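Counting in our numbering, the sequence shown runs from 108 upward without gaps.
Note that the Cβ used here is the ideal one computed from N, Cα and C, for glycine as well.
Every value quoted in this text rests on a predicted model; they were computed, and no experiment measured them.
This report refers to the structure that appears directly beneath it.
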Amino acid sequence: MTETADPFGTSALRAAVLAAWRDSPTRLREDAATEADLVRAGYRDRLLTELAQNAADAAAKAGVSGRLVVRLVGRDLHIGNTGAPLDLSGVQALTALRASGKADVGTVGRFGVGFTAVLAVSEDVELRSTTGSLRFSRDLTRDALRHSDIRIPAADGGELAPPVLRLAWPVEATPAEGLDAEVVLRLRDDVDVETLLAGMREEAVDLLLELPPLHHIRIGGDEFLSSAEDMGDGLHEVYVDGPGSEQRTWWQYRASRARWLLPVRDGKPVAAAPDVLRAPTRSDEELSLPALLIADIPMQPDRRRLLPGARLAQLAEGYADFARALPPRDRLVLVPAPGFARSEADGLIREALIRELQTQPWLPVVATRRHTAPEGLTGALPHLDPIAREPYAGATTSTGEQAGEVAAPADALVGEPVDLFGSSTHVAIPTSTHVFTGLTEELAALLDDVVGPLAIPDLSGRAQAEAMNVLDVHRLGLARLAELSGGLERPPTWWQSLYSALELFVVDPLAAEELGALAVPLADGRLVTGPRTVVLDDQLEVAIPVHWARVVHPEAAHPLLARLGARSATAEDLLSDPGLRADLEDNPGEPDTADAILRLAAHADPATLPSWLGLLELPNTQGELVPADELLLPGAPLRDLLVSDAPFGTVDPDLVDRYGEDALRAVGVGWDFSVVVEADPTGPDHDLDEEAHWWSTLLDDPPELAAVRDLDLVDDAAWPEALRQLAATPRTRSLLGDADGYTAWWLRRHARVEGIPLGLLRHPADTEFAGLLPTFVDIDADAYRAVLANPDQITEDLGAALLDALADPATTLMPDVVSRTHARLAAAVAADRLDLTDLEPPDRVRALSGAVIDSGDAFVLDQPWFGLAVPSDRLVVGDVETASALATLLDLPLVSESVTAEVLGAGRRTTWAAEPLGVVLRQLFTLTEPEGELVLHDDLLVRLGGAIETTVSVPWWRIGSTVHVRAPRAPGA
C-alpha cells in the first residue's frame, strides 16, 4: 500500500503532541477543555465568518479576487476558497490552538484558534489545499491515544472527549476545481443542514462588506457578489448583488482607523439600523450609530469583545470628512440621534463622533462674500453683533489656515468650497453656525451676510432640528432675526424682499409677536424699530418725507407689516394726523412741512380732509406767508361773489405750477366756497358768522361739523350766482340738505333773492303756503328744499311773514290754504316753537271765507258745529285741537266762549245703536262708538245768543254728549 505524502510533516507534529500529552497527563485535559471552551463560547456561531476571514486573507495574500464556495455533498459540507494555499506555518497554527500563522498585520485574524468554529458542526474535518491536505478527527485522535498507550482521562458522564484539532493526518484529497483550498466538514447527525445554510446566506452580505478582498460568495445555488465604484473624495459606492434581482447599496468612506458604510435606499443615504462593532467581522459590542463601523481596533481572542483600554475615540478621526464627502442635503444623516447608548463602547464612540462633528468644518452653509472675522475686527462691522460674527472664527480657508488667525481678503468665502455632486458647497464648523428653521432660498439670500455662517435651506427644516441640536448649532429664531435687523443699511427694496421672505413664517400670534422688533425703513430715510410704530400708505408710489408720522417707504411696503401691527394709513389719514395739526399750530410756515402736505394732498380726497389744513401758511403774490384758507387761486370764481373788502389774497402762481390746483384746493386755498369740517366738535369755535347763535338752537352737540365758510362775505347782489355755485359743487350741495346744519340755517336767515330771505320763500312743489309766500324760482330749488320755508318748522321769521301775508287784503286765498296755515301756526305755538313775545298779534285777520276782517269781529272756531251757524266771514279756522293756541297767537276769543246756543224743540230721543240713521251716520262719518243720546228732529233749529243773536236751521248740533240731527224727509212727506 502506497504511503500518503506528508508535505507538512504532520507525523512529527503528531509525535510531539502525543509526547507532550504522555509526559504531562494534565496537558491532554487542558487542551480538550480549551478546545471545548472555544467551541462553546468564542466561536460557537462563527463557522462561516472564520472561514470567510481565512479566505479573505488568502485572497489578499495572493492578490486575487476572493471567492468563497459553500456546497453540500450528502452530509459533507464543503467550504472552499481561492487565494494563497495552505503552508507549513498555517498547519502549525491550526494544531497549536494558541498561535497564529498570520504574521501580516493587514490580515484579519491573528490567533489561529478561529478554525475551532468548525467543531460546532463536525468532529471529522478535512482541509484540502493545492499544496497538501489534512484531516482532523476526534475518532482518529482517540485511536492515536490508545496506540500510544496514553490513558484518556475520565470526565463527567464517561470518558473525556479528546481535542480534534491538535492532531492532523495527511490525506490525498484535493480541492474542487477552481479552488485553492477547501474545508470539508462531515456534519454530525444533530446538525440541521437547512438551518445552517440559511444562517450562512444571512451572513453573506455582511461578510462581503466586512472583508473587502472577498468579492464572491456562493452558498448552494445562491450567489452574492460585491463591487464598488469610486465616487471621488474618498467616497465609494458599494453594491452587493444577491439572489435574483436583489441589490443592496452602501456609501463607504475609509478613515485612518475605520471604514464607514452608510446604507442607500432609492439613491438616498439613510441611517443604519442598530448594529454591532465590526472588527472587521461582527462582534458582541452593540452600537447605535447611523453608519456601519468596521474598525481596526484590538479585540479579545474570540473577537467578540474589545480589549480593555482600547482607544475608541480614535475611531472618530475622519468622520467629519466622511460627512463632508456626502451631498450637502444628506450630511445630517451621519449625526447620531439622541438616545441611550446600547453599550459602554457605543456611548464612548457616540461622544467621540459628536465631538468630531461639532469641531470640524463640514456643515454646508449659505455662500457669502463677507470676509472672515478675526479677533479685533468687531468694530469694522457695526451692524453685526459678536454672536453673529463668531461663526467665522475657525472656518478653514483655501490655504488650510484657520480663519481666525489671519485676516482673509474681502471676497473670501466662509469655509472652503468643495465641489461634490456637481455643486460648490461652503462649509463651516457646526458650533459656529446658525440655523433658521424652515429657511427658504429667498430668505437665505437675504441673510447670508447678516447672521454669519447660516445652514443651507435643505438642512434647516423641522426634520433636521434634532440633529442640529446634537451639533450645538446656534438656533436663530424670528425674535433674534428681528433684533439683528436693527441698524442694517439696506435699500427699501431689500426690506420688502425680507418681509416677503418672512411672511410665510408668521402663522400665529406668537410668531407675529416675535417679529415685534423688526426694523422698518421710513419714507424720510429713517430706520425705526417695530412695525406697530409705523403706518402704511398703499397709494403712494414715491417716497414723501413725512416727519410727523412714521410712514413706511413705499418701496418697502408689504402686507406683512400690516399683519405685524402697522396701521394702514392713506394720504387722507396722514393729512388728518393730530401730530400734523400740532406742527401747523406751532410752525405753520415750515417749508418741508408745506412740501410734504401739498405732495400728499395731490393723492387725497379733498372731501375727507380736515379744515385745519388751512392753517398751513403759503406765499401770496407778494411773497408773504398767509394761511392757506385766506388765499384764492388765480382766477377763482369765488372772488367775483365777495364784497370788495373781503380779506382774501392770491396764492403764488409758482405753487400752482409746482403742485397743481387740486393739491392747493385740498388744503384750503379757495376756488369756490370752502367747507369747515371737524369730527366731534366741542363748541362754536370755528370762526363762522353767528356760529354761537346757531349752536344754541341745537338740542345736542353735533357728531360732526361741516359748514360752508365765508358766507357773510358774499355781496348781496351776488346771491343768485352764489346760490348756483353752492348747488353746483358736490361738497357744498350736500350741506344744503341738512336742515339743522349751520349752512342751511345761515342761508335761511341771511341769503336773499330779490331782498327776500330764503327761509321766507317756498319750493315750487310746496302748495301749503300757496299765495302766502313767494316761490323760489330760476335756481335749483330741489337743492335748497331744506333751506326754504318748511311747513313743519315754523320759525319766528316765517311765522311773522305768514301773519303779515294773511292780513294782507291784496292777496286772495283759498279757504283750505287759510285753514292749513292757521293750523300750522297754532301747532308751532302749542309745541313752544314760537316765542309769542317776539310776535305782535295782528289787527286784522283772515276769516275762513277768505275775507280780511278786524280782529274785534273774529272768533276762533273751537267747536266745529258752530261753523254751521256762525257766518264764515267771522270765523278764523285752524285745527280744533289747537284752537286755543291759535286764539292765543291772534289774541282772539273762542267762538264757544262768545256765542251761546240752544236747541229748539224736543225731538225724538233714541240711541245710536237703535236708530238706523245712527248706524248710517257712524259709517258715513267714520265715527267711533258714540256716547250719549241721539236726538232726531224734523227741523233742527238752534237759537244763538251772546256776541251773535239769531236762530238758524242746522243739520247737526251737539250739546255735551247729546247729538241732535235733522232727520231726512222722504219726498212728498
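Taking the C-beta atoms as reference points, L705 is found no nearer than 8 Å to Y606. Listed in chain order, the non-local C-beta contacts of A664 below 6 Å within the same chain comprise L643, local neighbours out to five positions each way being set aside. Distances from the CA of G721 to each of L749, F755, P741 were compared; the closest alpha carbon is that of F755. For D287, the number of other beta carbons within 10 angstroms of its own is at least 16, and it is reported as buried. Counting the other Cβ atoms within 10 Å of the Cβ of T248 gives 16 or more, which makes it buried. Nearest to S1005 by C-alpha distance, out of F1032, V987, F973, V1026, is F973.
In the structure shown, the three-state DSSP call for F331 is strand. Here the stretch 193-200 does not lie against the stretch 291-299, with fewer than 3 beta-carbon pairs under 8 Å apart. In terms of Cβ geometry, P387 and V377 do not form a close pair [threshold 8 Å].
Sequence-distant Cβ neighbours of A420 in its own chain, meaning closer than 6 Å and more than five residues away, are A459.
Per the C-alpha coordinates, the member of V176, A917, R951 positioned closest to E284 is V176. When DSSP states are grouped into helix, strand and coil, I324 belongs to the strand group. With 16 or more other Cβ atoms inside 10 Å of its own Cβ, Q160 counts as buried. Taking a C-beta distance under 8 Å as the contact criterion, T928 and L913 qualify as a contact pair. Taking a C-beta distance under 8 Å as the contact criterion, F966 and P1000 qualify as a contact pair.
The alpha-carbon separation between R951 and T1057 amounts to approximately 25 Å. Our two residues, T223 and A162, have alpha carbons roughly 15 Å apart in a direct line. With the rule of 3 Cβ pairs closer than 8 Å, the stretch 435-449 counts as touching the stretch 556-571. Beta-bridge annotation (DSSP): G1052 is paired with T1007. Around the C-beta of D337, fewer than 16 other C-beta atoms lie within 10 Å, and the residue is accordingly described as exposed. In the DSSP annotation of this structure, the continuous segment of the beta strand (DSSP E) that includes F243 starts and ends at 240-244. Between G173 and P320, the gap from beta carbon to beta carbon is short of 8 Å.
Closest by C-alpha distance to G170, out of G181, A191, R182, R178, is A191.
By the C-beta criterion, the stretch 888-906 is judged to be in contact with the stretch 926-940, since at least 3 inter-stretch pairs fall below 8 Å. Put simply, the backbone Cα of A753 is about 28 Å away from that of F883. Around the beta carbon of G221, 16 or more other beta carbons lie within 10 angstroms, which makes this residue buried. For N576, there is no enclosing beta strand (DSSP E); the enclosing alpha helix (DSSP H) has its first and last residue at 572-577. Here the alpha carbons of S956 and A1077 stand approximately 33 Å from one another. Residues L155 of the same chain have their beta carbon placed closer than 6 Å to that of E310, with the five preceding and five following residues left out of the count. L806 sits exposed, since fewer than 16 C-beta atoms from the chains shown fall within 10 Å of its C-beta.
Around the beta carbon of D759, a 10 Å sphere encloses 16 or more other beta carbons of the protein chains shown; the residue is thus reported as buried. Of all alpha-carbon atoms in T538, S781, L611, the one lying nearest the alpha-carbon of M575 is that of T538. Excluding residues up to 5 positions away in sequence, A814, V815, L842 lie with their Cβ nearer than 6 Å to the Cβ of T850 in the same chain. Ranked by Cα distance from L833, the options T466, D779, W852 are led by D779. Look at P537 here: in three-state DSSP terms it is helix. Under the DSSP assignment, W826 falls in the alpha helix (DSSP H) whose first and last residues are 826-835.
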